[in-house]
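Asks: To get the working numbering, take the position in the sequence shown, counting from 1, and add 16.
All C-beta atoms, glycine included, are put in the ideal place defined by N, C-alpha and C.
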Amino acid sequence: MKKSLESKLQQLLERFQEVGRLLSDASVISDQNQFKNLSKEYAQLEPVATCYETYQNARKNLQALEEMAAGEDADLAEMAADEISAEKKQIEELDAQLQIYLIPRDPDDERNVYLEVRAGTGGDEAAIFAGDLFRMYSRYAENQGWQLEIISANQGEHGGYKEIIARISGVSVYSQLKFESGAHRVQRVPETESQGRVHTSACTVAILPEVDEIDDIDISADELRVDTYRSSGAGGQHVNKTDSAIRITHLPTGLVVECQDERSQHKNRAKAMALLKTRLLDAEQSKQRQQQAQTRKLQVGSGDRSERIRTYNFPQGRLTDHRINLTLYQLSDIIEGDLAPVVDALQKEHHAELLAELSRHD
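(1) Which residue wins for smallest C-alpha separation from residue 72, given the options 52, 274, 41 and 109?
(2) How far does the beta strand (DSSP E) with residue 393 in it reach, from first residue to last?
(3) Could you pull the DSSP bridge partners for residue 271 from this structure?
(4) Please state if the CB of residue 239 and the CB of residue 206 are separated by a distance shorter than 8 Å.
(5) On the three-state DSSP scale, how would you describe residue 18?
(6) When the Cβ atoms of the segment 117-125 are set against those of the segment 88-108, are three or more pairs found closer than 8 Å?
(7) Contact between the segment 198-216 and the segment 267-281: three or more CB pairs below 8 Å?
(8) Contact defined as beta carbons within less than 8 Å: I believe residue 342 pairs with residue 333. What is the distance between those atoms, to the nearest angstrom?
(9) Expressed to the nearest angstrom, what Euclidean distance is found between the alpha-carbon atoms of residue 301 and residue 79?
(10) Can you check which of these residues, 243, 226 and 349, is closest to residue 126 by C-alpha distance?
(11) Pull the bridge partners of residue 385 from the DSSP assignment, please.
(12) Between the Cα of residue 147 and the Cα atoms of 167, 164 and 171, which residue gives the shortest distance?
(13) Rounded to whole angstroms, what is the Cα-Cα separation between residue 366 and residue 261?
(14) Going by the DSSP bridge assignment, what does residue 202 pair with across the sheet?
(15) Where does residue 299 land, buried or exposed, given buried means 16+ other C-beta within 10 angstroms?
(16) Could you tell me whether the Cβ atoms of residue 137 and residue 217 are closer together than 8 Å?
(17) Classify residue 121 as helix, strand or coil using the three-state DSSP reduction.
(18) Are residue 129 and residue 184 closer than 8 Å when you measure CB to CB?
(19) Going straight from the alpha carbon of residue 233 to that of residue 169, what length do you get?
(20) With a cut-off of 8 Å on the beta carbons, I'd call residue 131 and residue 223 a contact; round off their distance for me.
(21) Using beta-carbon positions only, say whether residue 335 and residue 350 come within less than 8 Å of one another.
(22) Where does the unbroken beta strand (DSSP E) through residue 164 begin, and where does it stop?
(23) Can the beta-carbon of residue 135 be found less than 8 Å from the beta-carbon of residue 177?
(24) Quick one: what's got a C-beta closer than 6 Å to residue 29's C-beta in the same chain, skipping five residues either side?
(25) How many Å lie between residue 228 and residue 263 at the Cα?
(26) Does the beta-carbon of residue 255 have 16 or more other beta-carbons within 10 angstroms, so that it is buried, or is it exposed?
(27) Tell me whether residue 255 sits in a helix, a strand or coil according to DSSP, three-state version.
(28) Grouping DSSP H, G and I as helix and E and B as strand, with all else coil, what is residue 362?
(29) Considering only DSSP beta bridges, list what residue 336 is partnered with.
(30) Check for me: the beta strand (DSSP E) holding residue 241 runs from which residue to which?
(31) Do residue 143 and residue 175 have their C-beta atoms within less than 8 Å of each other?
Below, the structure is given as structure tokens:
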């Protein structure tokens with residue numbers, strides 16, 4: 017491990033120990049805000065500090081074993097030689113884990129998200145595919161123990177959705193879904209195709225980290241036009257009796273958001289405003305993210321949602337992620353919500369790129 021990286025780890029360990037002492041200080045305990053912030057910092061530092069202490073102990077053990085193996089006692093030397101390879105392997109694994117811990121955290125990783133799926137080229141088949149993608153994400157969210165609520169939906173004429181927007185809340189949602197933004201292409205034989213020809217259609221997916229109260233955006237009332245209308249679709253017949261659905265237009269940018277999920281106009285307005293603020297913040301940050309991502313294959317959150325990132329080839333049962341040249345022949349499982357192999361591969365590639373940057377800067 018580089019000395020510069022080890023120096024950073026030593027600083028983190030010392031800070032962890034310092035925070036531990038502060039948390040037992042009576043003056044800190046009496047200050048709820050300070051105690052809460054320090055407790056959060058302690059929880060964030062604990063995994064890396066524990067791992068680094070284990071790493072230090074493993075290196076001491078290895079040194080002792082190597083001295084023993086070079087000693088005059090043949091039995092001890094043989095026993096030490098047997099343990100050296102296992103100790104070296106553990107050190108390598110701990111080294112790799114520590115480097116991952118040193119990767120700068122994405123401040124958005126723990127946020128909830130808005131998932132937006134829109135049918136693109138391909139007509140009815142694109143809408144059906146949008147429905148398949150939304151179901152895939154819904155099942156993955158359920159498997160992760162996340163909560164999903166539909167904000168608005170525009171159903172396709174023959175199934176699926178022309179557009180569907182949902183909010184997903186839970187633990188580390190953005191960190192797992194942030195690589196899904198982009199154009200998703202499907203190749204398959206539609207049910208209506210009598211000649212058995214493979215058709216190609218596409219959808220776009222956008223993953224937006226939800227705005228926190230801490231970075232809330234001020235929007236004056238004169239920047240908004242609010243329209244009400246009768247909702248349709250998932251709300252059922254009771255929803256349609258009143259103008260409970262809300263459409264908000266942000267006049268300076270032309271951004272339009274809708275919410276028709278709730279029977280209450282007030283609740284729909286609150287949800288629509290939350291989505292609008294998220295979109296405005298995302299637009300504000302997209303240029304900065306694009307500059308940061310220019311050298312990366314993943315282009316995370318770059319704002320280029322027209323870029324084709326993935327192909328779902330049903331005749332071959334194949335999923336290909338074009339950004340990292342990933343090919344998996346388990347499409348039937350993935351489309352049913354088993355996204356873990358894709359998410360894991362994307363995260364590993366992202367970590368590798370960030371580690372390369374970290375090494376260059378040192």
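Replies: With the structure as the only source:
(1) Locating residue 72 in the sequence shown gives position 56, counting from the first residue. Residue 109 is the option with its Cα nearest to residue 72.
(2) As shown, the chain starts at 17 and ends at 378. That puts residue 393 outside it, with no answer to give.
(3) Here the question's residue 271 lines up with position 255 in the sequence shown. Partner(s): 266.
(4) As a position in the sequence shown, residue 206 is number 190, starting the count at 1. As a position in the sequence shown, residue 239 is number 223, starting the count at 1. The answer is no: Cβ separation not under 8 Å.
(5) Position 2 of the sequence shown, counted from the start, is the residue given in the question as residue 18. Of the three classes helix, strand and coil, the one that applies to residue 18 here is coil, per DSSP.
(6) Cβ pair count under 8 Å is below three, so no.
(7) Touching, no, given that fewer than three Cβ pairs across the two stretches are closer than 8 Å.
(8) Residue 342 sits at position 326 when you count from the first residue of the sequence shown. Residue 333 sits at position 317 when you count from the first residue of the sequence shown. About 15 Å separates the two Cβ atoms, so there is no contact after all.
(9) Position 285 of the sequence shown, counted from the start, is the residue given in the question as residue 301. Position 63 of the sequence shown, counted from the start, is the residue given in the question as residue 79. Distance between the alpha carbons of residue 301 and residue 79: 49 Å.
(10) Here residue 126 is taken as the residue at index 110 of the sequence shown, counted from 1. When C-alpha distances from residue 126 are compared across 243, 226 and 349, the shortest belongs to 226.
(11) Nothing about residue 385 can be read from this structure; the chain reaches only from 17 to 378.
(12) Residue mapping note: residue 147 aligns to position 131 of the sequence shown, counting from 1. The candidate whose alpha carbon is nearest that of residue 147 is 171.
(13) For this step, residue 366 is matched to residue 350 along the sequence shown. For this step, residue 261 is matched to residue 245 along the sequence shown. Distance from the CA of residue 366 to the CA of residue 261, rounded to the nearest whole angstrom, comes to 40 Å.
(14) Taking the sequence shown and counting its residues from 1, one reaches residue 202 at position 186. Bridge partners of residue 202: 217 and 328.
(15) Residue numbering aside, residue 299 sits at position 283 when the sequence shown is read from its first letter. By the C-beta density criterion, residue 299 is exposed, having fewer than 16 other C-beta atoms within 10 angstroms.
(16) Locating residue 137 in the sequence shown gives position 121, counting from the first residue. Locating residue 217 in the sequence shown gives position 201, counting from the first residue. Yes, they are a contact pair.
(17) Taking the first residue of the sequence shown as 1, we reach residue 121 at position 105. The answer is coil: DSSP assigns residue 121 none of H, G, I, E or B.
(18) Counting from 1 along the sequence shown, the entry for residue 129 is found at position 113. Counting from 1 along the sequence shown, the entry for residue 184 is found at position 168. With respect to residue 184, residue 129 sits close: the two C-beta atoms are nearer than 8 Å.
(19) What you label residue 233 is simply residue 217 of the sequence shown in a count that begins at 1. What you label residue 169 is simply residue 153 of the sequence shown in a count that begins at 1. Note on geometry: alpha-carbon atoms of residue 233 and residue 169 lie some 25 Å from one another.
(20) Here residue 131 is taken as the residue at index 115 of the sequence shown, counted from 1. Here residue 223 is taken as the residue at index 207 of the sequence shown, counted from 1. Taking C-beta atoms under 8 Å as the contact rule, residue 131 and residue 223 qualify, at a distance of about 6 Å.
(21) Mapped onto the sequence shown, residue 335 falls at position 319. Mapped onto the sequence shown, residue 350 falls at position 334. For residue 335 and residue 350, yes; Cβs fall inside 8 Å.
(22) Within the sequence shown, the letter at position 148 stands for residue 164. Where residue 164 is concerned, the enclosing beta strand (DSSP E) starts and stops at 163-171.
(23) Translated into positions along the sequence shown, residue 135 becomes position 119. Translated into positions along the sequence shown, residue 177 becomes position 161. With contacts defined as CB atoms closer than 8 Å, residue 135 and residue 177 qualify as a contacting pair.
(24) Here residue 29 corresponds to residue number 13 of the sequence shown, with the count starting at 1. Excluding positions up to five away in sequence, the list reads 65 and 68.
(25) Along the sequence shown, read from residue 1 onward, the residue named residue 228 stands at position 212. Along the sequence shown, read from residue 1 onward, the residue named residue 263 stands at position 247. A direct Cα-to-Cα measurement between residue 228 and residue 263 gives close to 22 Å.
(26) In the sequence shown, counting from the first residue as 1, residue 255 sits at position 239. For residue 255, the predicted model reports a pLDDT of 43, less than 50, meaning its position is unreliable; a value from the coordinates is still stated below. Buried, by the Cβ-count rule.
(27) Stepping through the sequence shown from its first residue, residue 255 is reached at position 239. With a pLDDT of 43 at residue 255, under the threshold of 50, the modelled position of that residue is not reliable, and no figure is offered here.
(28) Residue mapping note: residue 362 aligns to position 346 of the sequence shown, counting from 1. Looking at residue 362 - three-state DSSP - the assignment turns out to be helix.
(29) The residue labelled residue 336 in the question sits at position 320 within the sequence shown. Residue 336 has 327 and 343 as its beta-bridge partners, per DSSP.
(30) Counted from its first residue, the sequence shown places residue 241 at position 225. Unbroken beta strand (DSSP E) run through residue 241: 240-245.
(31) Walking along the sequence shown from the start, residue 143 turns up at place 127. Walking along the sequence shown from the start, residue 175 turns up at place 159. Going by C-beta atoms, residue 143 is nearer than 8 Å to residue 175.
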